[in-house]
Amino acid sequence: MKRIIISLLTLCLLTACGEAQPHLDEIQQRGELRVLSRYSLASYYVKADTLAGFEYELAQRFADYLGVKLKVIVPDNLTSMLRMIEEGQADLAAAGLTITEQRKNRIRFGPVYHEVTQQLVYKRGSSKPKDITDIPSGQLEVVAESSHVEQLESLKEEIPELDWRENNELDNSGLLELVQLELIDYTVVDSNEMSANQGLFPELRVAFDISEPQPLGWAMPLADDDSLYLEVLNFFQDMEASGELDRLIEKYYGHIRRFDYVDTRAIHRRIQTHLPLYRDMLQQAAEQYGFDWYMLAAIAYQESHWNPLAVSSTGVKGLMMLTRATAKEMGVTDREDAEQSIFAGAAYLASIKERLPEGIPKSDRIWFALAAYNIGLGHLEDARVITQSQGKDPNRWNDVRDHLPLLSKQKWFSQTRHGYARGSEPVRYVQNIKRYLDILLHHEDTAVPVTPAPTSEPALPAAL
Ligand code: GLU
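Residues in the sequence shown are numbered consecutively from 4, following our numbering.
So this is what it looks like as structure tokens:
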């Protein structure tokens with residue numbers, strides 16, 4: 004008898020007596036999606052009276068997708084955000100949260116939409132730690148319950164003397180401010196946050212990464228039924244298929260999207276070992292041809308990793324990877340001679356920049372010139388024509404960049420003057436150079452410009 008009652012009770016709980024309404028229906032009925040976020044340039048912020056931020060825009064699109072209004076709630080700190088999600092006090096958290104092993108026991112994560120590394124930050128002019136073992140006790144402060152704490156805990160297994168303080172009041176931009184004010188020595192923030200905040204804290208520098216790339220995802224209550232989770236999956240699938248997610252990532256993170264940890268370590272190493280050998284030449288060539296020397300250094304790194312003897316299977320050669328024809332045109336007698344290569348590369352790039360249509364504004368000219376350096380002016384022109392035919396601006400790099408890949412599609416290249424081209428290559432090329440430029444600009448050993456920048460090329464990546 005007892006068992007029957009229990010079964011009836013269970014049945015009753017699961018069905019008519021009180022089966023919880025699916026979460027998704029509940030959201031739809033209330034007409035509002037409640038999203039937790041945090042104030043940060045990478046998540047949610049107010050810009051000239053309008054709301055912005057990567058997470059905000061993404062959440063707004065999801066609310067539109069569900070046909071409900073968006074309500075953003077900003078908890079006091081990360082600890083409360085995680086607790087509120089765990090307890091189902093909001094529908095989801097969209098706040099650049101790292102998907103970590105420990106968190107998976109408390110929270111359900113949606114699909115990965117971005118990857119970041121954790122970076123140790125210090126102030127320029129103060130002592131730069133060599134590595135994580137080089138941090139004296141009491142000098143490192145991180146956000147309590149953050150993925151950074153989790154990472155430090157796992158590093159501590161190998162380095163028992165590692166020690167840090169946890170701050171439960173401030174978020175990571177608050178901690179960056181403390182480093183800037185020299186109230187603390189070091190903090191750890193995610194690479195996306197660091198890039199977004201660099202404009203606000205120009206004196207802060209990244210010493211090194213303390214983690215491999217880690218995934219970010221939206222967080223939902225673990226105890227939830229599947230209805231919201233499945234809708235989040237569908238939404239991200241749609242966002243990916245339509246290219247909308249890429250566009251949003253590009254808008255907020257631009258060139259930092261394809262983060263390559265190994266590659267980044269390699270350039271940091273070569274900044275010490277190779278760059279000093281060519282720095283003077285790069286500076287002189289930059290001055291002569293009206294470039295920022297960081298720009299030439301970034302191009303040379305993209306071309307040859309600063310190896311004057313580099314050679315590719317297609318026969319291009321040297322520090323600036325000149326073709327035989329270009330070398331001849333520029334009067335180069337020995338392509339393996341670093342100085343000749345740098346000066347010829349700079350001269351060639353300057354001549355391309357000169358030949359670009361006048362309508363292209365100063366701020367975008369360098370990206371167009373680099374794309375043409377990679378794919379040729381003819382194909383670039385074809386891409387500009389396609390861009391215009393699609394109602395976009397042929398004089399804006401971001402618009403042309405989005406149309407360049409069409410040059411490899413029959414439907415499009417058949418209508419062009421110069422025909423087929425691997426249009427995504429110049430896009431990648433420019434993107435890589437932007438990223439190298441970023442690294443060079445933020446690297447302590449190259450951070451102080453020795454020559455005044457002779458052109459108005461942007462000295463820092465555009466702030467959001
Ligand atoms: N990705 C970090 C985390 O999930 C961001 C939080 C923070 O730094 O405040 O913990």
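Ideal Cβ positions, reconstructed from N, Cα and C, are used throughout, including at glycine. Remember, predicted model here, so these are calculated numbers, not experimental data.
Whole-angstrom distance between residue j and residue i, CA atom to CA atom
i, j, result
"L173", "K395", "42 Å"
"G379", "I442", "27 Å"
"N80", "F112", "19 Å"
"I436", "A301", "6 Å"
"L248", "K331", "44 Å"
"A372", "E357", "9 Å"
"E243", "S307", "33 Å"
"E164", "E144", "15 Å"
"L219", "K320", "40 Å"
"A147", "K74", "26 Å"
"G128", "L179", "15 Å"
"N108", "R438", "35 Å"
"L27", "R37", "12 Å"
"V119", "L440", "18 Å"
"H446", "K126", "12 Å"
"W167", "T190", "9 Å"
"R250", "Q121", "24 Å"
"L383", "K72", "43 Å"
"L158", "D340", "45 Å"
"L186", "P205", "17 Å"
"K133", "S149", "23 Å"
"H406", "W370", "14 Å"
"L100", "F239", "16 Å"
"P311", "R431", "22 Å"
"I162", "Q142", "16 Å"
"F262", "A199", "Residue placement at F262 cannot be trusted, given a pLDDT of 41 that sits under 50; what the coordinates show is reported in the next sentence. Taking the straight line joining both Cα atoms gives about 15 Å."
"M333", "E342", "13 Å"
"T326", "G318", "7 Å"
"L203", "A349", "32 Å"
"Q391", "Y376", "21 Å"
"G68", "K365", "Gly is not the amino acid found at residue 68; the sequence shown has Tyr there. Cα to Cα, the separation comes out at about 39 Å."
"I355", "V192", "40 Å"
Nearest-angstrom Cβ-Cβ length linking residue i and residue j, presumed shorter than 8 Å
i, j, result
"I88", "P224", "6 Å"
"A313", "M324", "6 Å"
"A55", "E196", "The Cβ separation is near 15 Å, so there is no contact."
"G91", "A226", "7 Å"
"P429", "A374", "4 Å"
"D2", "P360", "Outside the shown range of the chain, which is 4 to 467, sits residue 2, and nothing can be said about it."
"A93", "E58", "Going by Cβ atoms, the distance from A93 to E58 rounds to 13 Å, so no, they are not a contact pair."
"L85", "I102", "Contact doesn't hold; Cβ gap of about 13 Å is too wide."
Closer than 8 Å to chain B by CB, residue i
i, result
"Q305", "Given the protein chain composition of this structure (a single chain), no chain B is represented."
For residue i: DSSP bridge partner residues
i, result
"R168", "E144"
"S43", "Y47"
"Y432", "Bridge partners of Y432: none, in fact."
"E35", "K72"
"T390", "DSSP, once it has assigned bridges, lists no residue as partnering T390."
"V191", "L123"
Within the segment 48-132, note down every full alpha helix (DSSP H) run reaching 4 residues or more, in order along the chain.
57-69, 81-89 and 104-107
Uninterrupted alpha helix (DSSP H) stretches inside the segment 304-383 (no shorter than 4 residues)
Listed in chain order, the complete alpha helix (DSSP H) runs (minimum 4 residues) inside the segment 304-383 are 327-332, 341-358 and 365-378.
Is the segment 417-436 close to the segment 278-291, with three or more CB pairs under 8 Å?
The segment 278-291 and the segment 417-436 do not touch, with fewer than three beta-carbon pairs separated by less than 8 Å.
Quick check for students: name the residue ranges of the beta strand (DSSP E) that lie wholly in the segment 207-236, counting only runs of 3 or more.
207-212, 217-219 and 222-224
Should the segment 152-164 be called in touch with the segment 202-209, which here means at least 3 C-beta pairs below 8 Å?
no
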